[in-house]
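Notes follow the structure.
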């Protein structure tokens, strides 16, 4: 008995040490699209404010919306804005609303892994929608080969890779597909997870990038930074003005130009298939989802502090990770909106 | 006749050899697994792995110190929650209960034992995450503890029943009350077996991933206290393995080696040393 | 591997003849009540678990009824949920696993129980027990980095080349898919089949073997025609047990199955299993119907494993009693 009592004392002492709260911990979850950016930000912010730890888990945008609505995380993050039903569900459950704060701009890129091909391929709207609808199944299909003269595309089956989890990256991709293809719009629609006509599922941008990298003849969509970090080739996409555009800081910023001037008050805006000669057509804002009311003032202030920092100094980290900075108009508008978080 | 006999002998020899091959193949899988993990993990393990926090996504370096501590905390909670229920429940079954109650409890425990771990995760999410409004180490420990209950209960009961009745009768004849007999005679007599069973239960939940996905969740930092989400080794292996980063793959292998090493050592200690001299009921 | 605890001859409580009051004074009654509470909590937890699964899946049960199991559209946007692809994937991968694991496992069990000297048998059994302790995420890790590339580059092209005329082996070689998940599962369940079957074979009485041998049977004939049939029930029990485990397996499967709800005759095709879809989508299921559909999948999984585990126990117990009890009695 004495031995057991002794062990219990040790255990409780250990528990006491671990219990001692050293830092204010805030939990967020959601989009994997800006995860490299967010994990960098939260890491840097923690270095500057050692008493604040913001733990961000990249479970997918659908998960971010779901968990912030359930109240199991302090804030969510998504690349597809919450729809009206989801906003209403949040309002009904909590009695107050939830606010969207754009953080950066990013782009979905069509990434592929074709053995022996390292050049950048050109993709038309029809090629992308055809592949994802399962109508184009071989790499040497004329719809793909047409705008890629001089590239010897193999006669192999295309392995389509998409997300298996609810995802804002998917939202952006399907939002784009719905705009360029009526068949897609009617058959599949847009959303954080859809009923895919074809393909393999990977979990998270990480999972899709991993699957593409490991699977010859694959084709899928990932956030730009995942393609760059993993040295995966990705293609140019034909925009609404008929030019093939590569996703980069300039072309993504160009896509946001129109929206920046007419930003709605709730920041929910789609910039896929945006007009403009140099605009990359599969671009998007990505948002933090912050409840309008916090029960703990300390958490509220810490999070507001972070958003302020993110909108000013934080924006300097974006370009190293290939995300485009927010337009100035949007930053100013957000700083005002931050006052609505209580 | 002799041709037929020779044929039968040949079939016999051949089939028996084949069974040997089957056994060899099955056992060699263990060594393949160990070999791969040591090969890939051994080259990836470094001091940083044990002492550093994860770095931001895509940057190399960093370690899993928080996941190692997180797993430790989760397992501590699981043990504190699961073992007492299993242990005292088993005492009731072996020493006090009537046969109907015992049947019901055993049946429930067997049912619980068969529940797929992902379903345990759903249950723990509904019971220990939603009502408290946050993912937490406590919820993860609860989920793992649930899985320890049936294993501890059934094996402890078996070892208690294995104690000869003569010991019980002798103690009671000396005038000891029943609970004194249990505490000072029966449990000590069975204690090595019980400890083995608890260690095996511990080893089994140490590698569980699915119940932690929606309970302990994950954490890029140290998890302070018990109310915060926490990283754990198995979940880290999962998320790092399916990611595209070479450096994360390297760390997943290292974590796999550490986790498997821990589990195998516990198993070997439990089965090889503690149980020496007593009959461990197999399976 | 304390998964198949079998019945123990009851030592029976020693019934005291003292009065309730004296028992209370000596603490017996208190000890009894306290330990009872612990035992009762096990029942309570189990009942609560079933209740939560049942309550949590009310919406889809009412909305879809039996169609939930018959339709194959899983579409969170249009709120249509049909579980058929997941059930199909779960059953197909489990079937592949059993086809591979049963002969290998029973073969190994026969070797361990009938041929190997006791010391060798015990040592090998020790390794098999260790193999059973390897966690599922480790199998997943090895699956992703070793088995999947191996399947894609060698095994699937080879199968396509030789047996490609069968609908089973058609389509592009992705590496991931039903076959790969089945193989990983097979490796995971083999230890269960070996351990339990070995135990059951060992419980077959000596005289059965000796009788057969003395009648002029070869060693294999006595094993295959006498010992194995005698232990048949228990061996089936071990297979059910392995099946239950294969159905509920989550991490390793979700890492190699491809995570796409498809129903395809080809084993090369990527698929999805019940446990995998719960693991992937549970934290993000927005909307009550979506979440509850996942919980209903959990309920299905629970019921399946419950039935299989029950059958397995019955068979193992019945067989070992026929053989006059197992090792520890």
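Chains as they are written, first to last, in the working numbering: chain A, 130 to 471; chain B, 1114 to 1396; chain C, 5 to 333. The C-beta atom is built at its ideal place from N, Cα and C for all residues, glycine as well.
For residue 356/A, the enclosing alpha helix (DSSP H) starts and ends at 353–358. The distance from the Cβ of residue 155/A to that of residue 432/A is about 6 angstroms, consistent with a contact at the 8 angstroms cut-off. Closest in C-alpha terms to residue 310/C, from the list 53/C, 161/C, 202/C, 323/C, comes 53/C.
If only complete runs of 3 or more residues are kept, the region 220–307 of chain A shows the beta strand (DSSP E) at 227–242, 288–292, in order along the chain.
Using a Cβ-Cβ cut-off of 8 angstroms, residue 323/A counts as an interface residue toward chain C, since at least one Cβ of chain C sits closer than that to its own.
Judged by DSSP secondary structure, residue 158/A falls within the beta strand (DSSP E) whose first and last residues are 153–159. Residue 224/A and residue 464/A have their C-alpha atoms roughly 24 angstroms apart.
At a beta-carbon threshold of 7 angstroms, the residues of chain A lying near residue 1332/B are 184, ordered along the chain. Between residue 315/C and chain B, the shortest Cβ-Cβ separation is not below 8 angstroms. Identification of residues in the region 329–345 of chain A having a C-beta nearer than 9 angstroms to some C-beta of chain C yields 329, 330, 331, 332, 336, 339, 340, 343, 344, 345, given in sequence order. Listed as beta-bridge partners of residue 329/A by DSSP are 290/A. Counting along the chain, residue 1169/B sits inside no beta strand (DSSP E), nor does DSSP assign it H or E at all.
In the DSSP secondary-structure assignment, residue 185/A is bridged to 157/A. In chain order, 292, 293, 296 place their CB closer than 7 angstroms to the CB of residue 63/C, counting only its own chain and leaving out the 5 sequence neighbours on each side. Burial is judged here by how many other beta carbons sit within 10 angstroms of a residue's own beta carbon; residue 468/A has fewer than 16 and is exposed.
Less than 8 angstroms separates the beta-carbon of residue 1281/B from that of residue 1299/B. Residue environment: residue 281/A is assigned as exposed (fewer than 16 neighbouring CB atoms within 10 Å of its CB, all protein chains considered). Residue 39/C has its alpha-carbon roughly 23 angstroms from the corresponding atom of residue 1286/B.
In the three-state reduction of the DSSP assignment, residue 78/C falls in the strand class.
Residue 388/A: member of the alpha helix (DSSP H) spanning 378–390, first to last residue. Within the region 1191–1214 of chain B, contact with chain C at the beta-carbon level (separation under 9 angstroms) is assigned to 1197, 1198, 1199, 1200, 1201, 1202, 1203, 1204, 1205, 1206, 1207, 1208, 1209, 1210, 1211, 1212, 1214. Under a 10 Å Cβ-count criterion, residue 108/C is classified as buried, with 16 or more other Cβ atoms of the shown protein chains found around its own Cβ. In this structure, residue 114/C places its C-beta atom within 8 angstroms of the C-beta atom of residue 227/C. Distance from the Cα of residue 41/C is smallest, within the candidate group 1152/B, 1215/B, 1176/B, for 1215/B. For residue 1369/B, the nearest beta carbon of chain C is closer than 8 angstroms to its own beta carbon. Contact annotation: the region 1352–1363 of chain B touches the region 327–335 of chain A, with at least three C-beta pairs closer than 8 angstroms. DSSP links residue 348/A through a beta bridge to 241/A, 289/A.
Residue 415/A has 233/A as its beta-bridge partners, per DSSP. In the DSSP annotation of this structure, the continuous segment of the alpha helix (DSSP H) that includes residue 242/C starts and ends at 236–252. When DSSP states are grouped into helix, strand and coil, residue 170/C belongs to the coil group.
The region 59–120 of chain C is shown to contain no whole beta strand (DSSP E) run of 3 or more residues.
Cβ proximity to chain A below 7 angstroms picks out 77, 78, 79, 80, 81 from the region 59–83 of chain C. One thing to note: residue 159/A has its Cβ within 8 angstroms of the Cβ of residue 188/A. With a 10 Å radius around the Cβ and a threshold of 16 neighbouring Cβ atoms, residue 229/A comes out buried.
Looking at the DSSP output, residue 1175/B sits in a beta bridge with 1167/B. Residue 179/A and residue 170/A have their C-alpha atoms some 13 angstroms from each other.
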